[in-house]
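J.:
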Amino acid sequence: MPTPMTIHIAPARLPNDIEIVRGLFAEYIDSLGIDLSFQDVGAELAQLPGKYAPPRGVILIARDGAGSVLGCVALRPWSQPGVCEIKRLYVRPAARGHALGRRLAEAVIAWATRTGYARVLLDTLASMQAARQLYVALGFRPVAPYYDNPVPDTLYMALELEPGTT
1 MPTPMTIHIA PARLPNDIEI VRGLFAEYID SLGIDLSFQD VGAELAQLPG
51 KYAPPRGVIL IARDGAGSVL GCVALRPWSQ PGVCEIKRLY VRPAARGHAL
101 GRRLAEAVIA WATRTGYARV LLDTLASMQA ARQLYVALGF RPVAPYYDNP
151 VPDTLYMALE LEPGTT
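Numbering (the working numbering), first residue to last: 1 to 166.
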């Protein structure tokens, strides 16, 4: 079992952390090994925080006790009122095995609940078994595709939030 590590998860300090976020997002996108050009990720990276900007969006960064960056997750409002979408959940390889992905997901879900969202959407790849298992364990359920995505093994999921439960 890995040695426990001290982890701090907090919203990105904007604009100071933009380059850190840009680097994490780029690492995440590279790690997928698929073409995300249909999402215009170049513009997303250039315009950060973009759709993830407060007050309706957030980028959370995980750091260890020494301040080293371990991972991130982002949330943005969706087109329907009360609905948001989780994007870019990423844990650096050296930080894996400490349940950090779960902690980031729980933190962003808690943030969505406090912000007043009623539903959280996400998409993942069928090949990302650990991510799928995490999302199901957190209560996400499969839903019909909610946007056009040319990646063949994309799965869509949603979580209904209960107000005041964080």
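Note that beta-carbon positions come from the ideal geometry of N, C-alpha and C, so glycine has one too.
1. Helix, strand or coil: how does DSSP classify Met1 here?
2. Helix, strand or coil for Thr113, going by three-state DSSP, please let me know.
3. Do Leu100 and Ile190 come within 8 Å of each other at the CB atom, strictly closer than that value?
4. Could you tell me the alpha carbon to alpha carbon distance between Arg63 and Lys87, rounded to whole angstroms?
5. When burial is assigned at 16 or more other CB atoms within 10 Å of the CB, is Tyr147 buried or exposed?
6. How many angstroms separate the CA atom of Ile109 from the CA atom of Pro163?
7. Roughly how many angstroms separate the alpha carbons of Val73 and Pro152, rounded to a whole number?
8. Going straight from the alpha carbon of Ala26 to that of Ala118, what length do you get?
9. Report all residues from its chain with a CB closer than 8 Å to the CB of Arg132; omit the five preceding and five following residues, and keep chain order.
10. Is the separation between the beta-carbon of Leu60 and that of Ala10 shorter than 8 Å?
11. Of the residues Asn149, Gly57, Pro15, Pro49, which one's Cα is nearest the Cα of Val83?
12. Whose C-alpha, out of Glu85, Gln129, Pro15, is nearest the C-alpha of Leu161?
T.: The relevant details are as follows:
1. Walking along the sequence shown from the start, residue 1 turns up at place 1. Low confidence applies to Met1: its pLDDT is 46, below 50, so where it sits in the model is not reliable, and the reading given next is rough at best. In this structure, Met1 counts as coil in the three-state DSSP scheme.
2. Counted from its first residue, the sequence shown places residue 113 at position 113. The answer is helix: DSSP assigns Thr113 an H, G or I state.
3. Since the first and last residues shown for the chain are 1 and 166, residue 190 lies out of range.
4. Taking the first residue of the sequence shown as 1, we reach residue 63 at position 63. Taking the first residue of the sequence shown as 1, we reach residue 87 at position 87. Spanning the two alpha carbons is a distance of roughly 19 Å.
5. Numbered from 1 along the sequence shown, position 147 holds the residue referred to as residue 147. With fewer than 16 Cβ atoms within 10 Å of its Cβ, Tyr147 is classed as exposed.
6. For the purposes of this step, residue 109 is taken as residue 109 along the sequence shown, with counting starting at 1. For the purposes of this step, residue 163 is taken as residue 163 along the sequence shown, with counting starting at 1. Their Cα atoms are separated by approximately 11 Å.
7. In the sequence shown, residue 73 corresponds to position 73, counting from 1. In the sequence shown, residue 152 corresponds to position 152, counting from 1. In a straight line, the C-alpha of Val73 is about 23 Å away from that of Pro152.
8. By 1-based counting over the sequence shown, the position of residue 26 is 26. By 1-based counting over the sequence shown, the position of residue 118 is 118. Those two C-alpha atoms are separated by around 29 Å.
9. The residue labelled residue 132 in the question sits at position 132 within the sequence shown. So the list reads Thr124, Ala126, Leu155, once near-sequence residues are dropped.
10. For the purposes of this step, residue 60 is taken as the residue at position 60 of the sequence shown. For the purposes of this step, residue 10 is taken as the residue at position 10 of the sequence shown. Yes, the pair counts as a contact, with Cβ atoms nearer than the cut-off.
11. Position 83 of the sequence shown, counted from the start, is the residue given in the question as residue 83. Out of Asn149, Gly57, Pro15, Pro49, Gly57 has the C-alpha closest to the C-alpha of Val83.
12. As a working note, residue 161 is residue 161 in the sequence shown. The option with the nearest alpha carbon to Leu161 is Glu85.
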